[in-house]
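All remarks here apply to the structure that follows.
In the working numbering, the protein residues as written are 3 to 93.
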C-alpha cells in the first residue's frame, strides 16, 4: 500500500506529464496535497514565454484574462483524461 506522500508525488508527476503532453509545456514545479477528500495541486512557472509577455504587457489585465480563459478551456477539454489518470493513482 502506498503512503500518502507517495500518492501525492505520483499525482504531481502525472500532472507534470499531462501539462507537457496536453498543454505543450509543463510546470517547473508541482506539489500535491491530499486533504480529506480533496486533491490540491500547486503548479509553479506554468506559463509559456508568449503568455508571460502577454501578461506583462501594457494590456496586462486583458492579457491575463485571455490566458485564463484559454487555459480553462484547454483543461476542460483534457479533463476526462486528467480524471482517469488521477483515479488510476488514488483508486
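Virtual Cβ for every residue (Gly too), placed ideally from N, Cα, C.
DSSP-derived helix/strand/coil call for residue i
| i | result |
| --- | --- |
| residue 34 | strand |
| residue 43 | strand |
| residue 27 | coil |
| residue 92 | helix |
| residue 1 | The question about residue 1 has no answer here: the residues shown for the chain are numbered 3 through 93. |
Residue closest to residue i, alpha-carbon to alpha-carbon, out of the options
| i | options | result |
| --- | --- | --- |
| residue 26 | 33, 17 and 6 | 17 |
| residue 30 | 85, 37 and 21 | 21 |
| residue 11 | 38, 24 and 43 | 43 |
| residue 73 | 7, 59 and 50 | 50 |
| residue 41 | 19, 9, 5 and 3 | 9 |
| residue 104 | 93, 86 and 7 | Residue 104 lies beyond the range of the chain shown here (3 to 93); nothing can be said about it. |
Endpoints, alpha helix (DSSP H) assigned at residue i
| i | result |
| --- | --- |
| residue 61 | It is not in any alpha helix (DSSP H) - residue 61 carries neither H nor E in the DSSP assignment. |
| residue 10 | 6-20 |
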